[in-house]
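First up is the structure itself, then whatever we jot down about it.
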Amino acid sequence: MKLDPGAAELTTLLERRITNYSTNLQVDEIGRVVSVGDGIARVYGLNEIQAGEMVEFASGVKGIALNLENENVGIV
Numbered sequence: 001m002k003l004d005p006g007a008a009e010l011t012t013l014l015e016r017r018i019t020n021y022s023t024n025l026q027v028d029e030i031g032r033v034v035s036v037g038d039g040i041a042r043v044y045g046l047n048e049i050q051a052g053e054m055v056e057f058a059s060g061v062k063g064i065a066l067n068l069e070n071e072n073v074g075i076v
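If you're matching positions, the sequence shown starts at 1 in full-length UniProt numbering and goes up one per residue.
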């Protein structure tokens, strides 16, 4: 099956972008775990975090910020 010239150009462009895609992660804030219980970690010091934001702990375990309180954040 032969591609339309416009579709072929688009395919080439997308292949280049996918090949050259890189993810650069940047640590914005570091908090301190103050307690853990029932699958929820309470973390102090993440003042700029937003609900639903992914968090990675030093152990490599990942969680999602859910409860945003004045003094700490609940991460599941």
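Glycine residues also receive a C-beta, built at the ideal position from the N, C-alpha and C atoms.
V73: buried (16+ other C-beta within 10 angstroms of its C-beta) or exposed? buried
Taking 8 angstroms as the cut-off, does the region 39-54 touch the region 62-72 (at least 3 CB pairs, one atom from each stretch)? yes
Just to check my reading of the structure: I40 and I75 have Cβ atoms closer than 8 angstroms, yes? What is that Cβ distance to the nearest angstrom? 7 angstroms
Output needed for S22: all residues of its chain with C-beta closer than 8 angstroms, excluding positions within five of it in sequence on either side, in chain order. none
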